[in-house]
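To keep things clear, I will list the structure first and then write my remarks on it.
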Amino acid sequence: MSRFQTLNQWLQWQEGLHPKKIELGLERVASVWRKAAPGEGLPFRVITVAGTNGKGSSVAFLEAIFRAAGYRVGCFTSPHLVRYNERIRIDGRDADDESICAAFERIDQARGTTSITYFEFSALAALSIFCDVKPDVAVLEVGMGGRLDAVNIIDPDLALITTINLDHTDWLGCTLNEIAREKAGIMRPGKPVVYASPTAPDSLIEHARSLPAPIYLAGSDFAFRSKGPSWDWWRSGERMENLPLPRLRGEYQLQNAAGVLMALSLLQREFKLERKAIDQGLQAAAVRARFQVISGNPRIVLDVAHNAEAVGILAENLKRLPRAGKTRAVFGMMSDKDVHSVVAIIAPLVDSWYLADLGVSRGMSTDRLSNIVMDAVIGGTYIKQYPTAGAAFDGALAEAFADDTVLVFGSFWLVGDILKRI
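Each residue of the sequence shown is one higher than the one before, counting from 1001 in the working numbering.
In structure tokens:
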């Protein structure tokens, strides 16, 4: 008999499984998967995507291009914004409650007395569902780091690493080389690795060579050039000109798309992708809350940016938007993030702040947020504090004029709360 009958019951129980009570390492998760897996090997190809920023967009590009070419695709991403089901997609659709509950039951029975976390349950459930539906390819997004992440129990056919920057330093290390070593853990001997950012930490390249795994670096092994309404991409022996700009906004998305095109180029033996599918996929790929602009009076901008690199990109994108009125920021962050750097980057573009308590133990208090904002702004600024994300958003809307911009950013929790309301 199943432990629970509904998805919400399963999730409430899993939320009580505290990860710090469990020994780090992959052996626990791998042992559960060996019991839960339907057989030897996987009936699909695997691309694993890691990186500080750009993972979600890169997964979206891969999914859209494969689907445009007629391939079946399974995607596992995290965290979700509104519904848990978003984490597991098959052919562009969220998995239904029944499929997820059935997968949870299989995992629960296979684990016996082995403890696994909320995230590990989700990763194993995704793999179980993919084994049922047998897509042509599964795209697995790393939750954090790489080496010890649950998706790393699977050997990928290709590893795509988007960027490496400072984030999750309590877990991954305090230098770029330390963080790069963790993310390099998704590499496998003889399997290609793509690094999509222009400057690769030494430890990333060293790890690839030590395996060895062939590594392809942006700027040396492949490159791209923006041409206003279109862009070009090339590598040795291959060139694509006048590509359509991605539907996803921002110059930074060209870097993500270029890394994806390199990955697809390396998989040409397994997947036949015509130029038409690439064009269609670039224009179809969409991810909520990655500089998502909702036109209206006032205009609303939603972005899950929560580290210095991502907020820097958000700031550049904001500068490119036509602006007449004020920018009102609805803001909340986790206390383990580099909040000082984030606020310092975005503060020159913000006229007033509506600070939200996230309602989770890791969330930074609005008192602390207020002090950081005041320290970052010379000459003072307008700040209000609210007990919830919804109250902060309502406060910003109530005071906004028609030509203002209401910017919601800083946390998946915050943006997800607001997405439920609009």
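All C-beta atoms, glycine included, are put in the ideal place defined by N, C-alpha and C.
Answer yes or no: do residue i and residue j have a C-beta to C-beta separation smaller than 8 angstroms?
i	j	result
residue 1191	residue 1223	no
residue 1406	residue 1415	no
residue 1084	residue 1017	no
residue 1253	residue 1246	yes
residue 1205	residue 1135	no
residue 1364	residue 1339	yes
residue 1287	residue 1056	yes
residue 1046	residue 1154	yes
residue 1011	residue 1101	no
residue 1049	residue 1160	yes
residue 1388	residue 1359	yes
residue 1124	residue 1032	yes
residue 1417	residue 1390	yes
residue 1152	residue 1185	yes
residue 1105	residue 1230	no
residue 1356	residue 1332	yes
residue 1138	residue 1273	no
residue 1393	residue 1079	no
residue 1028	residue 1116	yes
residue 1369	residue 1267	no
Spatial neighbours of residue i within its chain, please: CB distance less than 6 angstroms, with the 5 preceding and 5 following residues excluded, ordered by chain position.
i	result
residue 1341	1308
residue 1258	1224, 1233
residue 1300	1294, 1406
residue 1435	As displayed, the chain neither begins before 1001 nor continues past 1422, which places residue 1435 out of reach and without an answer.
residue 1279	1244
residue 1103	1125, 1128, 1129
residue 1240	1233
residue 1061	1257, 1260, 1285
Count the other C-beta atoms from every protein chain shown that fall within 10 angstroms of the C-beta of residue i, then say buried if there are 16 or more, exposed otherwise.
i	result
residue 1264	buried
residue 1149	buried
residue 1420	exposed
residue 1196	buried
residue 1362	exposed
residue 1276	exposed
residue 1179	buried
residue 1202	exposed
residue 1175	exposed
residue 1402	exposed
residue 1107	buried
residue 1423	Past the edges of the chain, shown from 1001 to 1422, lies residue 1423, and the structure says nothing about it.
residue 1290	buried
residue 1122	buried
residue 1367	exposed
residue 1215	buried
residue 1156	buried
residue 1378	exposed
residue 1324	exposed
In its own chain, which residues sit with a C-beta less than 8 angstroms from the C-beta of residue i, not counting the 5 before and 5 after it?
i	result
residue 1077	1055, 1056, 1059, 1086, 1087, 1089, 1141
residue 1043	1131, 1134
residue 1227	1242
residue 1349	1315, 1318, 1319, 1327
residue 1382	1351, 1352, 1353
residue 1097	1006, 1007, 1085
residue 1347	1373, 1376, 1377, 1381
For residue i and residue j, which I take to be in contact (beta-carbon distance under 8 angstroms), what is that distance rounded to the nearest angstrom?
i	j	result
residue 1376	residue 1344	5 angstroms
residue 1207	residue 1188	About 11 angstroms separates the two Cβ atoms, so there is no contact after all.
residue 1036	residue 1110	4 angstroms
residue 1351	residue 1326	4 angstroms
residue 1065	residue 1250	Going by Cβ atoms, the distance from residue 1065 to residue 1250 rounds to 19 angstroms, so no, they are not a contact pair.
residue 1051	residue 1162	3 angstroms
residue 1322	residue 1404	Contact flag wrong, Cβ pair sits at about 13 angstroms.
residue 1248	residue 1284	Rounded, the Cβ-Cβ distance is 10 angstroms, inconsistent with contact.
residue 1092	residue 1063	7 angstroms
residue 1143	residue 1183	Incorrect: roughly 12 angstroms between the Cβ atoms, too far for contact.
Only counting the same chain, and skipping five residues up and downstream in sequence, which positions put a Cβ closer than 7 angstroms to that of residue i?
i	result
residue 1200	1217
residue 1310	1053
residue 1312	1345
residue 1235	1221, 1222, 1262, 1265
residue 1071	1136, 1137, 1271
Cβ of residue i within 7 angstroms of any heavy atom in the ligand FMN?
i	result
residue 1236	Of ligands this structure carries none, so the ligand FMN is not represented either.
Worksheet item: If you scan the region 1241-1297 from start to end, which runs of the alpha helix (DSSP H) of 4 or more residues do you find wholly inside it?
Response: 1252-1266, 1275-1284
Item to complete: Kindly provide the ranges of any beta strand (DSSP E) runs that are 3 or more residues long and lie completely inside the region 1316-1395, ordered along the chain.
Response: 1327-1331, 1352-1356, 1382-1386
Practice prompt. With a floor of 3 residues, list each beta strand (DSSP E) that falls wholly inside the region 1129-1178, ordered by position along the chain.
Written response: 1137-1141, 1158-1161
Practice prompt. Please go through the region 1069-1137 and give each complete beta strand (DSSP E) segment of 3 or more residues, from N-terminal end onward.
Written response: 1073-1076, 1088-1090
Item to complete: Return the chain-ordered ranges of every alpha helix (DSSP H) run that is complete within the region 1193-1248 and spans a minimum of 4 residues.
Response: 1202-1210
Worksheet entry | beta strand (DSSP E) runs wholly inside the region 1017-1068, at least 3 long, in chain order | The qualifying runs are 1045-1050.
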